[in-house]
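Structure, as structure tokens:
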Amino acid sequence: MKLIRFGEAGKEKTGVIINDKKYDTSAFGEDYGESFFENDGLTRLSYFLEDSLLPEINEDVRLGCPLGRPSKIVCIGLNYIDHARETNATPPTEPVIFMKSTTAITGPFDNIIIPKNSVKTDWEVELAIVMGKKASYVSEEDAMDYVAGYVLHNDVSEREFQIERGGTWDKGKGCDTFAPIGPFFATKEEIADPHNLRLWLKVNGKTMQDGNTSNFIFNIPHLISYTSQFMTLLPGDIISTGTPAGVALGMKPPVYLKAGDVIELGIDGLGEARQVLIDYSA
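Per the numbering used here, the sequence shown starts with residue 1234, numbered consecutively.
Below you can see the structure in the form of structure tokens.
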């Protein structure tokens, strides 16, 4: 299945995509959040779809994040060797973990706000994993049993805040609108091999990133198992798996985002998204 949420920001309704058409599932009566995944919502929704005549959604409707707000977004840094090298970082021997604020979540076609006082806003196309059930101290052998599906994620980053302001990376990752997610959530059976997906990103029509998840340093089972040693992952939580080479930080000289720039990005089987950069306004 492919799940969407649509409508006004903060008031999204639930839906699905069937044969490339969007349908309203709000009569199902449940958002696609923690409780949904925890209580076998995907199975219950599939039965609902079999027995329901669904209203079709207009093509021009706004799409929000396809998931109700998760308890956390866990991100993996430097998970592609080429990205680590372009940023002059040593490829890690263990996954680098940082957190991204859930208040950063926005829709896949919403504007990205350049934060107040930002001069180094950057892009990162990433494959994100969505957890299907509670995970704590999970083995690598069992890890994929905990996956509900996958989404496209732009891990927007402010590099001065992240690197030059002391402390952890988090302060450059969690600004408002810095987590555009979607256009849809795909259940795991929709993706034959998550370790062989092309992911790409363009800025103003120019290809900046063109990679493949086959180049992960740490694969998905390892990331789930590793992360679950340090925190409990709840149903609906997101693990964003890192970005390939081609970010502004790795350019010589770097060319960061400015108001009016247009980002387009996509992943095989997970659709495409588009965001326009705008300046912060109080």
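Glycine residues also receive a C-beta, built at the ideal position from the N, C-alpha and C atoms.
Residue 1284: not part of any beta strand (DSSP E); member of the alpha helix (DSSP H) spanning 1274–1284, first to last residue. Under the three-state reduction of DSSP, residue 1387 is assigned to strand.
Excluding the 5 residues flanking it on each side, residue 1351 has same chain C-beta neighbours closer than 6 Å at 1391, in chain order.
Within the same chain, and ignoring the five residues on either side of residue 1259 in sequence, the residues whose Cβ sits closer than 6 Å to its Cβ are 1246, 1247. Contact between residue 1508 and residue 1281 is absent: CB atoms are separated by about 32 Å, not below the 8 Å threshold. Residue pairing by DSSP puts residue 1364 in a beta bridge opposite 1380. Counting only residues of its own chain and dropping the five nearest sequence neighbours on each side, residue 1373 has a CB closer than 7 Å to the CB of 1454, 1455, 1458. Exclusion of the five residues before and after residue 1376 leaves 1454, 1457, 1458 as the residues of its chain whose Cβ lies within less than 6 Å of its Cβ. Ranked by how close their Cα comes to the Cα of residue 1242, the residues 1305, 1274, 1336 have 1336 in first place. With a contact defined as Cβ atoms closer than 8 Å, residue 1416 and residue 1322 miss out at about 31 Å.
When secondary structure is reduced to three states using DSSP, residue 1462 falls in the coil class, being assigned neither helix nor strand. Counting only unbroken stretches of 4 or more residues, no alpha helix (DSSP H) element lies wholly within the segment 1388–1446. Annotated three-state conformation of residue 1267 is helix, per DSSP.
Our two residues, residue 1314 and residue 1256, have alpha carbons roughly 40 Å apart in a direct line. At the C-beta level, residue 1338 and residue 1432 stay beyond 7 Å of one another.
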